[in-house]
Amino acid sequence: MELRHLRYFLAVAEELHFGRAAQRLHIAQPPLSQQIRRLEQELGVSLFDRTNRRVELTDAGRAFLIEARLTLTQAERAAHVASQAARGEAGLLIIGHMASAELNVFPRLLPVFRKRYPGVDLAFQLLGASEQFRMLHEGQIHAGFLRLPATDRGLTVTPIVRERLLVVLPEHHPLARRRSLMLRTLGSERLLLFPRRHAPGYYDALIAMCRQAGLDPTIVQETTRLHTALSLVATGRGISLMPKCVERLKRPGIVCRPLRGPVPDTEMGVAYDPSNRSRLLRAFVAVVDEVFKTGR
Numbered sequence: 054m055e056l057r058h059l060r061y062f063l064a065v066a067e068e069l070h071f072g073r074a075a076q077r078l079h080i081a082q083p084p085l086s087q088q089i090r091r092l093e094q095e096l097g098v099s100l101f102d103r104t105n106r107r108v109e110l111t112d113a114g115r116a117f118l119i120e121a122r123l124t125l126t127q128a129e130r131a132a133h134v135a136s137q138a139a140r141g142e143a144g145l146l147i148i149g150h151m152a153s154a155e156l157n158v159f160p161r162l163l164p165v166f167r168k169r170y171p172g173v174d175l176a177f178q179l180l181g182a183s184e185q186f187r188m189l190h191e192g193q194i195h196a197g198f199l200r201l202p203a204t205d206r207g208l209t210v211t212p213i214v215r216e217r218l219l220v221v222l223p224e225h226h227p228l229a230r231r232r233s234l235m236l237r238t239l240g241s242e243r244l245l246l247f248p249r250r251h252a253p254g255y256y257d258a259l260i261a262m263c264r265q266a267g268l269d270p271t272i273v274q275e276t277t278r279l280h281t282a283l284s285l286v287a288t289g290r291g292i293s294l295m296p297k298c299v300e301r302l303k304r305p306g307i308v309c310r311p312l313r314g315p316v317p318d319t320e321m322g323v324a325y326d327p328s329n330r331s332r333l334l335r336a337f338v339a340v341v342d343e344v345f346k347t348g349r
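Position one of the sequence shown corresponds to residue 54 (our numbering), numbered consecutively onward.
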C-alpha cells in the first residue's frame, strides 16, 4: 500500500463518485477504479458499495477513511518537518551546560533562538566541562556552555560572557557589613567550591588566584549544584567565590560582595564540534554569535 492509494481512496470517499474523483485526481476513471479494487483486495474488505445509481462507503470504508486521513496528514507533516530540518529549522538540539548558564546565558539567548526557530526542540543537561567535552566528542550533545579556561583538542570553544567574581557570604558574617572585599581579607575562611573535575581550568584559576593573594584556601565542601552551594553558605558552612550572575537569584540568607584589586574576571564559553555538519547546530551557533557578539 502506498500513499497514492490512500489519496485515491480519499478522493472517492469524499466525492462518492468515481468520475468526479478521477477528475479531481487528474487521472482517467478506469485506472482509478482498478486501483481501488487492488486496495480492497490487499485489505481483504470492501470499502465501497457500488450500484448503477450511487457509491457509498461500507462500515469498513468509513473506519478506513478516518485512519487514511490521519495517515496522510501525518505524512504531510513528516515531509514538512524533514524539509525544515534540512534547512536547520526543525529537529532536536541537546545542550549541555553548567548551572550558571541558566542565569547569564539562557535568559538572553533562548528567547531570540526560539522566536527565530520555533520548530526546533531544545533539551538541556546539567554537566561539568569534562563531561561536556566527552559527550561532544561522542555526539551525545550538540553544544555546551562551560566556565573558562577550558580547551579540548578537536573542539571549538569561544568566550561569550565575562563577569566579575563575587564573594558569597552568610548574611550575618562579619565581612558582610563591608561593601567590597579584598581577597586577602578572607584569611582562613572555609571555602565552598565545585569539584575540580567539574571545571578543571576554572577551578585551578580560582585556587591560583587565592594563593597569589597569600591565601591557602581550606575547601570544606564541594557540590556541583548552584542552589545547594548557596544553601550551604546561608547555613554558615563556609563562603564561596561565584560569578556576578548569582545576584539575580536574590537568595535569602546570603549577601554578595564584589572583590577589589587585581582580580581576573570569570568567563563563560560555548563549545561544539566543528566537524559536526548539522544545520541545526550551525543555526544555533550563529544565534549565539549574534546575541553575544563574539565577532566570528
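Glycine residues also receive a C-beta, built at the ideal position from the N, C-alpha and C atoms.
In this text the structure is predicted, and so the values were computed from the model without any measurement.
Other residues of its chain near Gln-178: CB distance less than 6 Å, five sequence neighbours each side excluded: Here residue 178 corresponds to residue number 125 of the sequence shown, with the count starting at 1. Around Gln-178: Gly-149.
message: Assuming contact is defined by CB atoms lying nearer than 7 Å, are Ile-194 and Met-321 in contact in what I supplied?
response: Position 141 of the sequence shown, counted from the first residue, corresponds to residue 194. Position 268 of the sequence shown, counted from the first residue, corresponds to residue 321. No.
- request: Could you tell me the distance, in whole angstroms, from the CA atom of Leu-219 to the CA atom of Gln-127?
  value: Residue numbering aside, residue 219 sits at position 166 when the sequence shown is read from its first letter. Residue numbering aside, residue 127 sits at position 74 when the sequence shown is read from its first letter. Near 53 Å, if we compare the C-alpha coordinates of Gln-127 and Leu-219.
query: Can you list, in chain order, the residues of its chain whose CB lies under 6 Å from that of Ala-261, leaving out five sequence neighbours each side?
result: Within the sequence shown, the letter at position 208 stands for residue 261. Excluding sequence neighbours, Ala-261 sits near nothing in its chain.
- request: Have a look at Asn-105 and Phe-117 and give me their C-alpha separation to the nearest angstrom.
  value: Mapped onto the sequence shown, residue 105 falls at position 52. Mapped onto the sequence shown, residue 117 falls at position 64. Going from the Cα of Asn-105 to the Cα of Phe-117 covers about 23 Å.
message: Just verifying my parser: in three-state terms, what is the DSSP assignment at Val-210?
response: In the sequence shown, counting from the first residue as 1, residue 210 sits at position 157. Looking at Val-210 - three-state DSSP - the assignment turns out to be strand.
message: Here's a check: name, in chain order, each residue in its chain whose Cβ is nearer than 6 Å to the Cβ of Arg-301, leaving out the five neighbours to either side.
response: As a working note, residue 301 is residue 248 in the sequence shown. Cβ neighbours of Arg-301 beyond the five flanking positions: Leu-156.
- prompt: Do you know whose CA, among Leu-236, Pro-270, Arg-103, Ala-336, lies nearest Gly-314's CA?
  reply: Within the sequence shown, the letter at position 261 stands for residue 314. Nearest in C-alpha terms to Gly-314, of all of Leu-236, Pro-270, Arg-103, Ala-336, is Leu-236.
- prompt: What do you reckon, are the CB atoms on Phe-71 and Gln-88 nearer than 7 Å?
  reply: Walking along the sequence shown from the start, residue 71 turns up at place 18. Walking along the sequence shown from the start, residue 88 turns up at place 35. No, they are not a contact pair.
query: Any idea if His-280 is buried or exposed, counting beta-carbon neighbours within 10 angstroms, 16 or more meaning buried?
result: Taking the first residue of the sequence shown as position 1, residue 280 is located at position 227. Classification for His-280: exposed.
message: If you follow the alpha helix (DSSP H) that Arg-304 is in, where does it begin and where does it stop?
response: For the purposes of this step, residue 304 is taken as residue 251 along the sequence shown, with counting starting at 1. Looking at the DSSP string, Arg-304 is not in any alpha helix (DSSP H), and its letter there is neither H nor E.
field: Residue(s) in a DSSP beta bridge with Met-295
entry: Against the sequence shown, residue 295 aligns to sequence position 242. BP columns for Met-295 point to Leu-219.
- request: Say whether the stretch 329 to 337 touches the stretch 201 to 217, bearing in mind that this needs 3 or more beta-carbon pairs closer than 8 Å, one atom from each stretch.
  value: no
- prompt: Between the Cα of Tyr-61 and the Cα atoms of Arg-122, Thr-111, Ala-113, Ser-136, which residue gives the shortest distance?
  reply: If you number the sequence shown from 1, residue 61 lands on position 8. The option with the nearest alpha carbon to Tyr-61 is Arg-122.
task: List the whole-angstrom C-beta distance separating Asp-318 from Arg-217, where the pair is believed to meet the contact cut-off of C-beta under 8 Å.
output: For the purposes of this step, residue 318 is taken as residue 265 along the sequence shown, with counting starting at 1. For the purposes of this step, residue 217 is taken as residue 164 along the sequence shown, with counting starting at 1. Contact holds; Cβ gap of about 6 Å.
query: What three-state label does DSSP hand Gly-254 in the structure shown?
result: Walking along the sequence shown from the start, residue 254 turns up at place 201. Gly-254: helix per DSSP, three-state reduction.
- request: State whether the stretch 271 to 291 contacts the stretch 232 to 246, with contact taken as three or more CB pairs (one from each stretch) at a distance under 8 Å.
  value: yes
query: On the premise that Pro-223 lies in contact with Gly-306, defined as a C-beta separation below 8 Å, what is that separation, rounded to the nearest angstrom?
result: Counting from one through the sequence shown, the residue named residue 306 turns up at place 253. Counting from one through the sequence shown, the residue named residue 223 turns up at place 170. About 7 Å; that satisfies the 8 Å criterion.
query: Helix, strand or coil for Met-188 per DSSP?
result: Mapped onto the sequence shown, residue 188 falls at position 135. Helix.
query: Quick one: Cα of Leu-63 to Cα of Ser-136, how far?
result: Along the sequence shown, one-based indexing puts residue 63 at 10. Along the sequence shown, one-based indexing puts residue 136 at 83. Taking the straight line from one Cα to the other gives about 25 Å.
message: Can you tell me whether Gly-207 is buried or exposed? The criterion is at least 16 other CB atoms within 10 Å of its CB, across all chains shown.
response: Locating residue 207 in the sequence shown gives position 154, counting from the first residue. The residue is exposed, with fewer than 16 neighbouring Cβ atoms inside 10 Å.
- request: Please determine, among Ala-176, Arg-310, Leu-259, the residue with the shortest C-alpha to C-alpha distance to Arg-249.
  value: By 1-based counting over the sequence shown, the position of residue 249 is 196. The shortest C-alpha separation from Arg-249 is found at Leu-259.
- request: Throw me the rounded Cβ distance for the Leu-59 and Thr-124 pair, which I believe falls under 8 Å.
  value: Here the question's residue 59 lines up with position 6 in the sequence shown. Here the question's residue 124 lines up with position 71 in the sequence shown. Contact holds; Cβ gap of about 6 Å.
DSSP state of His-70 mapped onto helix, strand, coil: Numbered from 1 along the sequence shown, position 17 holds the residue referred to as residue 70. In the structure shown, His-70 sits in coil (DSSP, three-state: anything other than H, G, I, E or B).
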